[in-house]
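Each remark here refers to the structure printed beneath this line.
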Amino acid sequence: MAELPVLPEFPAWIGTHLNSPASQLKVGMDLVQISRIQASLTKFGDRFTQRIFTEHELAYAVSSPVLRAERLAARFAAKEATMKALGLTDKGVAWRDMEVFRMPDGRCELRLHGVAAAHAQDCGVAQTALTLSHDGDYAAAIVAAVVSMPLAEKATASI
Numbered sequence: 113m114a115e116l117p118v119l120p121e122f123p124a125w126i127g128t129h130l131n132s133p134a135s136q137l138k139v140g141m142d143l144v145q146i147s148r149i150q151a152s153l154t155k156f157g158d159r160f161t162q163r164i165f166t167e168h169e170l171a172y173a174v175s176s177p178v179l180r181a182e183r184l185a186a187r188f189a190a191k192e193a194t195m196k197a198l199g200l201t202d203k204g205v206a207w208r209d210m211e212v213f214r215m216p217d218g219r220c221e222l223r224l225h226g227v228a229a230a231h232a233q234d235c236g237v238a239q240t241a242l243t244l245s246h247d248g249d250y251a252a253a254i255v256a257a258v259v260s261m262p263l264a265e266k267a268t269a270s271i
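Each number in our numbering comes from the position in the sequence shown (counting from 1) with 112 added on.
Take a look at the structure:
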């Protein structure tokens, strides 16, 4: 399964990927109410978490029980934002095919697996970037994807 590279800092990639007339920047954003995620955790427990989150995401979330719901809500928002940015809503993508991977330095990367990775590759997604935030009862995520492909292919791709 292919994993997409992560975007370097903004100034380095903006000129190299978006300078081409065949490049596009696709953006998805989502806002999640943390209390709704907490309610799902309470009502469905492991059935909910095992269906939605990867082992890495769960391990990070439970490393701070006080922040568990916030961390999972931000990751859920990232998955929704990914679906919007990449046009995955009708592609049969499993929630676990989209993963927020926390790096040792604290940055988060978006990692795609399975159907999500295959669709992104087919549509010419060259790189992705992810940002997460939570405050009060809300968690938010923004996903950006650079789509870079030859003009002939661009006409037939559907992101």
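Glycine residues also receive a C-beta, built at the ideal position from the N, C-alpha and C atoms. This structure is a prediction, so every number in the text was calculated from the model and none was measured.
{"query": "From the DSSP output, in three-state form, read off residue 128 for me.", "result": "Any reading at residue 128 needs caution, since the residue's pLDDT is 47, under 50, leaving its predicted position unreliable; the model's value is listed next. Helix at residue 128."}
{"query": "Rounding to the nearest angstrom, what Cα-Cα distance links residue 234 and residue 259 in this structure?", "result": "10 Å"}
{"query": "Using a threshold of 8 Å, state whether the C-beta atoms of residue 153 and residue 181 are closer than that.", "result": "yes"}
{"query": "Hey, how far is the Cα of residue 139 from the Cα of residue 185?", "result": "19 Å"}
{"query": "Where does residue 187 fall in DSSP's three states?", "result": "helix"}
{"query": "What residue ranges within the region 170-223 form continuous beta strand (DSSP E) runs of no fewer than 3 residues, ordered along the chain?", "result": "210-214"}
{"query": "Bridge partners for residue 140 per DSSP, in chain order?", "result": "255"}
{"query": "Start and end of the beta strand (DSSP E) containing residue 246?", "result": "237-247"}
{"query": "Just mark residue 156 as buried or exposed, buried being the case when its beta carbon has 16 or more other beta carbons within 10 Å.", "result": "exposed"}
{"query": "Are residue 249 and residue 227 close, meaning C-beta to C-beta below 8 Å?", "result": "no"}
{"query": "Could you tell me the alpha carbon to alpha carbon distance between residue 266 and residue 207, rounded to whole angstroms?", "result": "Low confidence applies here, because residue 266 scores a pLDDT of 47, under 50, leaving its location unreliable and the question unanswered by this model."}
{"query": "Would you check if the distance between the CB atom of residue 244 and the CB atom of residue 173 is smaller than 8 Å?", "result": "no"}
{"query": "According to DSSP, is residue 266 helix, strand or coil?", "result": "The pLDDT assigned to residue 266 is 47, lower than 50, so where the model puts this residue is not dependable; a value taken from the coordinates is nonetheless given after this. Here residue 266 sits in helix by DSSP."}
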